[in-house]
Amino acid sequence: MPGKIIDENYYDFIVDNTLGNVDETDSTNDNITYLNEKHLLLHVYKDREELCDLGQNSYSRFPSLFTVNSTVSIEKSGIGQVQRNPFLALYGQGVMVGIIDTGIDYMHKAFLNADGTTRIKYIWDQTIEGGRIPENFTFGTEYTSVQIDQAIESDSPLDEVNTTDINGHGTAVASIIAGSRDMAANFTGVVPEAELVVVKVKRAKRNLYRIFCVPDDKLCFQESDIILAIRYIISKARILQRPVAICLAMGTSQGGHDGLGATSSYISYLAQASKVGIAVAAGNEGNRRRHFYAKVNNNYVEDIELNVGEADKEFAAEVWSYVPARCAIEIVAPTGETTKQVFPSISGCQKFNFIFNNSTVWVNNIIFEEETGDQLMLVRFQNATAGIWIFRVSNLENKPFSIHSWLPAENLISDETFFIKPNPYTTITSPGNARLPLTVTAYNPLNDSFYLESGRGYTRIGIIKPDVAAPGYEIPCAKVGGGYGSMTGTGAAAAHSTGILAMILEWADVKGNYTTITGNDMNRLLIRGAVRKENLTYPNQEWGYGQINVNSFFQNLGLF
1219 MPGKIIDENY YDFIVDNTLG NVDETDSTND NITYLNEKHL LLHVYKDREE LCDLGQNSYS
1279 RFPSLFTVNS TVSIEKSGIG QVQRNPFLAL YGQGVMVGII DTGIDYMHKA FLNADGTTRI
1339 KYIWDQTIEG GRIPENFTFG TEYTSVQIDQ AIESDSPLDE VNTTDINGHG TAVASIIAGS
1399 RDMAANFTGV VPEAELVVVK VKRAKRNLYR IFCVPDDKLC FQESDIILAI RYIISKARIL
1459 QRPVAICLAM GTSQGGHDGL GATSSYISYL AQASKVGIAV AAGNEGNRRR HFYAKVNNNY
1519 VEDIELNVGE ADKEFAAEVW SYVPARCAIE IVAPTGETTK QVFPSISGCQ KFNFIFNNST
1579 VWVNNIIFEE ETGDQLMLVR FQNATAGIWI FRVSNLENKP FSIHSWLPAE NLISDETFFI
1639 KPNPYTTITS PGNARLPLTV TAYNPLNDSF YLESGRGYTR IGIIKPDVAA PGYEIPCAKV
1699 GGGYGSMTGT GAAAAHSTGI LAMILEWADV KGNYTTITGN DMNRLLIRGA VRKENLTYPN
1759 QEWGYGQINV NSFFQNLGLF
């Protein structure tokens, strides 16, 4: 019988453990999985999902759905200068790199030592049951470097270590950070001597797909599994007594874009821990017309016009307002049919069946979203009719107000679904909005231009994000099955920056120069050393504080 954490008949609810509202006896019968010091998962049986289960249970309890954040550079970030300096020569030796992604092609020579042995210390494949489960976890299979080496020597490697990367995103990210030198192919990762710990994240539960109206053919990952992956990597770093740099090349457009979610709060906490660096991709939503913003001063009513494409039958949209506004929302279909006004409540969920177009819409107008305290209007579509839909939002207080609205990220919808009057700012995906980790946007290293798809700041509550820009256009990477290709997007930029964090950790901890350094310390020093163009004002919503440059980092410390 599968554990409840992988059983599709159970919801996984994220609960704040510090509030003391969970029955401790649940931990004795597999109803609780601890995520970290603050949050836990409460597994609740539900044999049949209803969309209004989100309403009976608060929005913040449902894990968000994450997608991957990507589809020459070495010199652009000052890396080559540092590695050629005989007093620094930082290649990641003694540092652990954490990859949380779609898996890894462990047979690729990008992850092998010169003698053919693996540089991967551990792989936790959350998708495979029946093998050795990692200590203090309850699912998946863990493979060690010993097992991986045996598989590499075997005639049938997958019989020994049956983990793969069908997607290729994880392999690409890992190689950009820590790929071994291949002189014949003119390829190297940023830190080719670092060790790797890899987590292949399992696909999200189907009940989350249904709750958030995501088509079954899309690849999504569950927020709680990503939190567990982070905890796993941190635990391995402590056991091995290694400093660790973690790459999060995934993100979501769900939530308030304010850095207050469960993952955001966890990585902000870890960024204050010694010898832990975390780089987070800013996402690729800046130019996709999936964000709307309005500051409403007249009539206290705003129409949000949304073009829905033929291919997008089911999806969700979120509308957020700020305290003290108190808003009602009305949904108008392309046929002119309307839901009438849906007024705010604490837990209401209303279903509307449109007669003339066969669309079904669920509306949750949540007056007090638990994590933020702000109002969330969640609109979910099934069998959506193509055409122009209108979200008519009115402030019942008859005063000026501001609203944001976001559509799903990456490939969860087609480019044919978009806002008629989009706003490219406040488009950083979470957890890139977290306050303390290093949030990385992308630029083209070939001509120093900003990568237009990159998520842009600031956060909904005005925190300055992104922090820095890194190379993220056609970055060389390993391909599944052998050989090399290229990767574009902020996921590639975050990978590049993770390698830089690993370089700094080698200098600071392994070489004994600053053994108490924290992720936040590294981030602030990288911000100070960022390259800034004379014709721009910094920080700004595209580039943050400038282009990341590790050479300037060490120059600012007076090392050369």
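Per the numbering used here, residue 1219 is the first one in the sequence shown, and the count goes up by one each step. Where a beta carbon is used, it is the ideal one built from N, C-alpha and C, also for glycine.
1) In three-state DSSP terms, what is M1401?
2) Report buried or exposed for Q1344, applying the criterion of at least 16 other Cβ atoms within 10 angstroms of its Cβ.
3) So, are the CB atoms of T1733 and D1727 less than 9 Å apart?
4) Are V1286 and L1437 touching if we call contact CB-CB under 9 Å?
5) Pair every Cβ in the stretch 1484-1501 with every Cβ in the stretch 1527-1534, then say whether three or more of these pairs are closer than 8 Å.
6) Apart from the five residues just before and just after T1236, which ones in its own chain have a Cβ nearer than 7 Å to its Cβ?
7) Closer than 8 Å is the cut-off here; do at least three beta carbon pairs connect the stretch 1628-1642 with the stretch 1514-1529?
8) Apply the 10 Å Cβ neighbour rule to M1325 and answer buried if 16 or more other Cβ atoms are within range, or exposed otherwise.
9) For I1564, count the other beta carbons within 10 Å of its own beta carbon; 16 or more makes it buried, fewer makes it exposed. Which is it?
10) Count the other CB atoms, across all protein chains shown, that sit within 10 Å of the CB of A1402; report buried if there are 16 or more and exposed otherwise.
11) Please report how far the alpha carbon of D1230 lies from the alpha carbon of P1757, in whole angstroms.
12) Does the pairing of the stretch 1584-1593 with the stretch 1270-1281 give three or more beta-carbon distances under 8 Å?
13) Can you tell me where the beta strand (DSSP E) with T1359 in it begins and where it stops?
14) Tell me, please, which residues DSSP counts as bridged to Q1490.
15) Tell me where the alpha helix (DSSP H) around H1387 begins and ends.
16) Determine which residues share a DSSP beta bridge with T1647 and list them.
17) Use the C-beta contact count for E1536: other C-beta atoms within 10 angstroms, 16 or more gives buried, fewer gives exposed.
18) Measuring straight from C-alpha to C-alpha, what distance separates D1195 and I1464?
19) Would the stretch 1485-1494 and the stretch 1676-1688 be scored as touching if the rule is three or more Cβ pairs under 8 Å?
20) Can I1384 and F1284 be called in contact, C-beta distance under 9 Å?
21) So the candidates are I1366, D1319, D1225; which of them puts its Cα closest to the Cα of K1264?
22) Which whole-angstrom value describes the C-beta separation of I1573 and V1560, a residue pair presumed to lie in contact below a C-beta threshold of 8 Å?
23) Where do the ends of the beta strand (DSSP E) carrying G1473 lie?
24) In chain order, what residues of the same chain have a beta carbon less than 6 Å from the beta carbon of R1653, not counting five sequence neighbours either side?
25) Can you check the stretch 1496-1584 for any beta strand (DSSP E) of at least 3 residues that lies completely inside it and give the ranges in chain order?
26) Closer than 6 Å by C-beta to G1316: which residues in its own chain qualify, once you throw out the five before and the five after it? Chain order, please.
27) Would you call the CB atoms of I1322 and I1693 closer than 9 Å?
28) Helix, strand or coil, according to DSSP, for G1310 in the structure here?
29) Specify, as a first and last residue, the run of the alpha helix (DSSP H) that Q1593 falls within.
30) Helix, strand or coil: which one does DSSP assign to T1243?
31) Round the Cβ separation of Q1765 and Y1676 to the nearest angstrom and send it over; I've been treating them as touching at under 8 Å.
32) Starting from the C-beta of Q1773, find all residues in its chain whose C-beta is less than 6 Å away, skip the five residues before and the five after it, and write them out in chain order.
33) Let me know the secondary structure DSSP gives G1273 once reduced to three states.
34) Residues in its own chain within less than 6 Å of W1342 by CB, not counting five upstream and five downstream?
35) Between the alpha carbons of G1221 and G1349, how many angstroms are there, rounded?
36) Can you have a look at T1553 and say buried or exposed, based on whether 16 or more other CB atoms are within 10 angstroms of its CB?
So, from the listed chains and residues:
1) coil
2) buried
3) yes
4) yes
5) no
6) K1256
7) yes
8) buried
9) exposed
10) exposed
11) 39 Å
12) yes
13) 1359-1362
14) DSSP lists no partner for Q1490.
15) 1387-1396
16) Partner(s): none; T1647 has no beta bridge.
17) buried
18) Given that the chain is displayed from residue 1219 to residue 1778, the structure contains no residue 1195 and the question cannot be resolved.
19) no
20) no
21) D1225
22) Wrong, their Cβ atoms sit about 18 Å apart, outside the cutoff.
23) Careful: G1473 lies outside any beta strand (DSSP E) and carries neither H nor E.
24) G1477, S1486, I1681
25) 1509-1514, 1519-1526, 1533-1539, 1545-1550, 1568-1571, 1578-1584
26) V1415, I1451, V1462, I1464
27) no
28) coil
29) Careful: Q1593 lies outside any alpha helix (DSSP H), inside the beta strand (DSSP E) at 1593-1600.
30) Its pLDDT being 49, under 50, T1243 is placed unreliably in this model, and the value from its coordinates should be taken loosely. Helix, per DSSP.
31) That pair is no contact at about 18 Å.
32) none
33) helix
34) P1352, G1358, E1360, V1417, Y1450
35) 14 Å
36) exposed
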